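**Q**
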Amino acid sequence: MKKSERLLIKKKYSENIEDYIKKGGFSSLRKILEGNITPDEVIEEVKRSGLRGRGGAGFPTGLKWSFIPRKTSLPKYLVCNADEGEPGTFKDREILLYAPYLLIEGIIIASYAIGAERSFIYLRKEYKWIYNKILKAIKETEERGFLGNNILKSGFNHRIKLFMGAGAYICGEETALLESMEGKKGFTRLKPPYPATEGLFGFPTVINNVETLANVPIIFEMGADNYSKIGTPKSTGTRLIALSGIVKKPGVYEIEQGKITLKEIIEDLGGGIKEGYHISGVMPGGISAPPLLPDELDVPYDYESIDEKGSMAGSGGVIVFGYKKDKRGEILNLLKRAVQFFKEESCGKCTPCREGTWTIYNILEKISKKDITFEKGIKVLKNLPLKMKGLCACPLGESCAIITESFLKKYYDELE
Amino acid sequence: MNKNPIKEKIREILDYYEGNKNLALIPVLNMIQDEEGFISDERIKEISGILGIKKKRIIETLTFYHFLKRERKSKKTLYICTNISCLLGGAEKIMEFLKENKNELNFEFKECECIGLCDHAPAGLIEFKPLKNLSPEKIKELNEKI
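In order, the protein sequence lines correspond to chains S and F. Each residue of the first sequence is one higher than the one before, counting from 1 in the numbering used here. Each residue of the second sequence is one higher than the one before, counting from 1 in the numbering used here.
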């Protein structure tokens with residue numbers, strides 16, 4: 001397999017449903033429903049493929065599905081998380097725009113596996129311009145008989161409903177997303193109970209990212225064994241990388257996991273750094289991922305390799321950052337803007353996050369306005385993260401603390 | 001017969017979500033926000049009546065989200081992303097230009113978080129339609145068209 005380009009998902013980009021069917025679309029669903037493959041067998045196959053969640057956490061997908069109680073008469077739900085809000089991330093946008101049928105097929109298969117008659121796509125309001133396209137794709141799929149009652153005469157009934165959020169990063173976190181769907185503000189829930197046992201309206205629910213679900217039909221088309229040979233043993237398959245920042249060719253690229261380095265992503269896919277710019281570093285998985293320095297980029301892009309460098313592949317949003325002429329102030333400005341994001345998007349439920357993100361922002365603001373000395377500000381900032389880590393219902397505040405710490409460590413001289 | 005089109009639309013949304021009133025709340029709020037530019041106390045009362053959700057709970061929900069408003073806005077809103085990728089792409093200059101020409105604009109503008117258009121930085125949204133690779137010239141063009 002080549003390092004990049006049209007590998008798995010991009011091969012399935014389709015203008016319309018006919019085009020998708022011509023490319024083998026819905027054959028995986030047929031294989032499962034007409035071949036009497038049981039839900040348990042579907043889950044086993046996905047487990048064997050090694051597929052991991054592409055939303056950020058990288059949790060094994062088959063394992064997540066297996067947590068849904070089997071012997072219960074309660075309704076079950078599947079929710080497709082299309083609330084892609086991590087700054088620097090726009091890869092799900094590509095699937096929603098160019099491969100909606102692949103996503104829909106994945107949703108139907110996943111729903112069959114967990115026994116859900118209803119599923120939802122939670123689309124962020126920022127993608128309202130894609131809403132009608134998805135709605136149309138769902139309708140066309142219904143007309144073709146792949147959605148509705150007794151799909152392909154299998155006895156399986158399923159319908160997909162589209163739901164749009166109203167602007168809140170935190171609703172990408174699965175429990176906040178459920179709260180939002182229940183008509184509430186997006187406060188994160190304490191876990192346990194996990195959504196698999198008590199999810200949407202208290203019923204067993206699986207929440208999967210768009211790209212994760214788009215991989216599902218591909219697994220059944222090529223077989224889990226073949227799929228698991230792509231990538232590395234622990235990070236199987238491909239990933240859609242959203243490349244942005246100071247590169248010549250920003251965009252969404254599909255890469256084989258572990259077979260291409262961050263440096264190659266920037267140089268070969270992104271066309272290198274824009275004229276007149278100097279690179280300061282890279283955030284390899286959205287702004288919640290700690291920065292890597294220019295001399296740390298010779299690292300293969302997969303979950304484990306980037307973890308080892310003290311960062312994370314997270315959402316697949318690779319932001320290359322740097323400066324044009326004057327270095328002074330640039331990094332402080334960037335860090336301040338990143339912290340501003342966490343401050344704005346903290347849901348406010350947990351005190352360490354709500355107050356911590358505000359305090360970090362205020363100190364950075366004071367440093368940049370020279371209201372306090374750099375040394376004095378740093379002294380306060382150094383102690384703050386300790387009071388924010390591991391104390392909240394979700395990782396938002398903690399991410400803010402970690403990237404602040406990381407920037408202070410790696411760019412101390414440039415921040416001063 | 002004097003039909004209330006908003007009430008009709010609320011019922012359509014409720015139908016789409018198979019009668020689940022809590023599930024229908026945010027879609028209903030989105031619809032009213034997009035139709036009328038804000039959600040008035042009068043509308044909150046109507047929603048409460050149809051969905052059977054207490055007014056204070058509706059207010060609690062709607063004040064949480066960035067794109068739901070209780071105040072009337074006479075102009076359309078342009079959202080400018082100023083998050084990292086757009087900042088690197090020159091969003092600060094766009095914001096400066098907007099602030100300098102504030103009085104001549106036919107729309108309001110507001111800084112926002114990442115809108116998933118980082119490959120077209122600096123980017124924005126007008127009426128929730130994407131605006132890519134923004135420049136002062138594009139802002140001027142938009143101002144004439146709107």
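Where a beta carbon is used, it is the ideal one built from N, C-alpha and C, also for glycine. Since the structure is predicted, the reported quantities are computational estimates derived from the model, not experimental observations.
Under 7 Å: does the beta carbon of serine 244/S sit that close to some heavy atom of the ligand SAM?
**A** Ligands in the displayed structure: none, and consequently the ligand SAM is not present.
**Q** Comparing C-alpha positions only, which one of Gly356/S, Ile363/S, Thr351/S, Ser73/S sits nearest to threonine 188/S?
**A** Taking only the C-alpha atoms, the option nearest threonine 188/S is Thr351/S.
**Q** Of all Cβ atoms in chain S, is any one closer than 8 Å to the Cβ of glutamate 113/F?
**A** True, the Cβ-Cβ gap to chain S drops below 8 Å.
**Q** Use the C-beta contact count for threonine 238/S: other C-beta atoms within 10 angstroms, 16 or more gives buried, fewer gives exposed.
**A** Flag for threonine 238/S reads buried.
**Q** For proline 193/S versus isoleucine 207/S, is the C-beta spacing smaller than 8 Å?
**A** Not a contact, by the Cβ cut-off of 8 Å.
**Q** In the DSSP assignment, what are the bridge partners of lysine 76/F?
**A** The partner list for lysine 76/F (beta bridge, DSSP) reads Phe107/F.
**Q** Buried or exposed: threonine 72/S, going by 16 or more other Cβ atoms within 10 Å of its Cβ?
**A** Label assigned to threonine 72/S: exposed.
**Q** Measuring CB to CB, does aspartate 119/F end up less than 8 Å from serine 288/S?
**A** In this structure, serine 288/S does not lie closer than 8 Å to aspartate 119/F by Cβ.
**Q** Specify the secondary structure class of alanine 91/F as computed by DSSP and reduced to three states.
**A** Of the three classes helix, strand and coil, the one that applies to alanine 91/F here is helix, per DSSP.
**Q** Jot down the residue ranges of each uninterrupted alpha helix (DSSP H) in the region 255 to 309 of chain S, minimum 4 residues, whole runs only, in chain order.
**A** For the region 255 to 309 of chain S, whole alpha helix (DSSP H) runs of length 4 or above, ordered along the chain, are 303 to 308.
**Q** Could you check if proline 5/F is buried or exposed, using at least 16 other CB atoms within 10 Å of its CB as the buried criterion?
**A** Flag for proline 5/F reads exposed.
**Q** Using 8 Å as the threshold, is the C-beta distance between lysine 91/S and valine 252/S below it?
**A** Yes. Within cutoff.
**Q** Can you list, in chain order, the residues of the region 314 to 342 of chain S whose Cβ is nearer than 7 Å to any Cβ on chain F?
**A** Cβ contacts with chain F come from Ile319, Phe321, Leu334, Arg337, Ala338, Phe341.
**Q** Let me see if you follow: with CB-CB separation under 8 Å, is tryptophan 358/S close to chain F or not?
**A** With 8 Å as the cut-off, tryptophan 358/S does not count as an interface residue toward chain F.
**Q** Quick check: isoleucine 39/F and lysine 73/F, are their CB atoms within less than 8 Å of each other?
**A** In this structure, lysine 73/F does not lie closer than 8 Å to isoleucine 39/F by Cβ.
**Q** By Cβ distance, which residues of its chain are closer than 8 Å to glycine 377/S, with the 5 residues on each side in sequence left out?
**A** Closer than 8 Å at the Cβ level, and outside the excluded window around glycine 377/S, lie Ile363, Leu364, Lys366, Ile367.
**Q** Since isoleucine 32/S and isoleucine 130/S are thought to touch, with beta carbons under 8 Å apart, how far apart are those beta carbons, to the nearest angstrom?
**A** No, isoleucine 32/S and isoleucine 130/S are not in contact; Cβ-Cβ is about 28 Å, not under 8 Å.
**Q** What does arginine 93/S touch in chain B if you count any residue whose Cβ is under 9 Å from its own?
**A** Among the protein chains in the structure shown, which are S and F, there is no chain B.
**Q** Does the region 172 to 188 of chain S come close enough to the region 32 to 46 of chain S that 3 or more CB-CB pairs lie under 8 Å?
**A** Cβ pair count under 8 Å is below three, so no.
**Q** Quick one, which of Ser48/F, Lys3/F, Leu14/F, Glu36/F has its alpha-carbon nearest threonine 77/F's?
**A** The shortest Cα separation from threonine 77/F among Ser48/F, Lys3/F, Leu14/F, Glu36/F belongs to Glu36/F.
**Q** Thinking just about the alpha-carbon of each residue, which of Asn132/S, Ala116/S, Gly115/S, Glu117/S is nearest to the one in leucine 123/S?
**A** The option with the nearest alpha carbon to leucine 123/S is Asn132/S.
**Q** Note down, in chain order, every chain F residue with its Cβ under 8 Å from the Cβ of isoleucine 287/S.
**A** Going along chain F in sequence order, the residues near isoleucine 287/S (Cβ under 8 Å) are Asn83, Ile84.
**Q** Decide if glycine 258/S is buried, meaning its Cβ has at least 16 other Cβ atoms within 10 Å, or exposed.
**A** Glycine 258/S is buried by the Cβ-count criterion.
**Q** Could you check whether the region 124 to 134 of chain F touches the region 75 to 89 of chain F, counting it as contact only if at least three pairs of C-beta atoms, one from each stretch, sit closer than 8 Å?
**A** Yes, the region 124 to 134 of chain F touches the region 75 to 89 of chain F.
**Q** How big is the Cα-Cα spacing for leucine 190/S and glycine 310/S?
**A** Each residue's Cα considered, the two are about 27 Å apart.
**Q** Please classify tyrosine 301/S as buried or exposed, where buried requires at least 16 other C-beta atoms within 10 Å of its C-beta.
**A** When all chains shown are included, tyrosine 301/S counts as buried.
**Q** For the region 215 to 229 of chain S against the region 88 to 104 of chain F, do three or more pairs of beta-carbon atoms, one drawn from each stretch, fall closer than 8 Å, so that the two count as touching?
**A** No, because fewer than three Cβ pairs between the region 215 to 229 of chain S and the region 88 to 104 of chain F fall closer than 8 Å, the two stretches do not touch.
**Q** Can you tell me which of the three DSSP states asparagine 468/S falls into?
**A** Nothing about residue 468/S can be read from this structure; chain S reaches only from 1 to 416.
**Q** Could you pull out every residue in the same chain whose Cβ sits closer than 6 Å to the Cβ of glutamate 179/S, ignoring the five residues on either side in sequence?
**A** Here the set comprises Gly186, Phe187.
**Q** Report the partner residues of glycine 148/S according to the DSSP bridge assignment.
**A** Paired residue(s): His158/S.
**Q** Just curious, the beta strand (DSSP E) that proline 130/F is in, first and last residue?
**A** Where proline 130/F is concerned, the enclosing beta strand (DSSP E) stretches over 129 to 131.
**Q** Sort out for me which residues DSSP pairs tyrosine 253/S with in a bridge.
**A** Paired residue(s): Ile241/S.
**Q** For serine 368/S, report the span of its alpha helix (DSSP H) as first-last.
**A** Looking at the DSSP string, the run of the alpha helix (DSSP H) that includes serine 368/S is 351 to 368.
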